[in-house]
Amino acid sequence: MLLIDKYAYLNKLASVHPLEKMIFSLGLLLITLIMRDERLSLITFFVMSAFIIVGAKIPLTYYFKLLLLPGFFLLTSLVSILLSFTSSTNALPAHIWSFTWSNWTVFIGNASMLAAQQLFFIVLGSISCLYFLILTTSVQGICYVLRQWRLPSLLVELVELIYRFIFMFLESMQNIHLAQQARLGYHSPMQWLRSVSMLIVALFVEMFQRSRELNNAMQSRGGEAVYWQEMGSYSKKNWLGMAAILLVLIVYGGYFT
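According to this note's numbering, the sequence shown is numbered sequentially starting from -6.
In structure tokens, the structure reads:
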């Protein structure tokens, strides 16, 4: 089991109804994306981080590692926004840094700096909302809510199947990789390349075979997936708390933006 999936089942907010957690996280996510305010995004990040660390009791170090995962993609996006190129003969707009080499000038404009800064805070707040959802709610609970929202059953079943195949894929990859290591399959660069290619082929064949077996098993049961059994109940206190937080952020965002 993946550690992130383990926390989704064993966190302190696991007993909270999944509908409440989805509305809370998606509500804050929509506010962050619609308002596009840096201070509001930062407040959202701290609020969701507090619920993750203090409320759900997710370890701070693990949460920090999760934040580093999208950091690379965010960094590359910020670099592409910050840096602008133009001919050295052209007049530069308002900028905070420039460097001329040969016939080209690289510079960071004031407008691009503001855009990168806004993007950073919006992404930070949005990531915290999504992490709150996946760290406190199991996939079965999320699919249960999606069915309650009358989403197409095919879409929900695809989510469940993809989720199941993630663990099957990782288990098969670990077993094959361990067997290759026992045969010194990675002791040289050429052998490493050969072992990796064989690993990819073996995974493709095994996943194709397992998908056919899973499809046959589902067809024998009428094609129905396993539904999430509702164990929690709605809490009036939770709904009032969510409404208060969302209302405060909406008013704050509308007042300052």
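Positions of the beta carbon are idealized from the N, C-alpha and C atoms, including for glycine.
- Rounded to the nearest whole angstrom, the CA to CA distance from F197 to W90 is 49 angstroms.
- Residue environment for H180: exposed (fewer than 16 other C-beta atoms within 10 angstroms of its C-beta).
- Residue environment for Y227: exposed (fewer than 16 other C-beta atoms within 10 angstroms of its C-beta).
- In the DSSP assignment, S80 falls within the unbroken beta strand (DSSP E) covering L76 to S80.
- Here V116 is not near C136, since their CB atoms are 8 angstroms or more apart.
- As the crow flies, the alpha-carbon of S146 is around 56 angstroms from that of F92.
- Relative to the Cα of S188, the nearest Cα in the group V194, G178 and A195 belongs to G178.
- Taking the Cα of K5 as reference, the smallest distance to any Cα among I169, E199, P52 and L123 is reached at P52.
- Put simply, the stretch 74 to 90 does not touch the stretch 151 to 160. Fewer than three CB pairs are less than 8 angstroms apart.
- Following the DSSP letters along the chain, one finds G48 in no beta strand (DSSP E), marked with neither H nor E.
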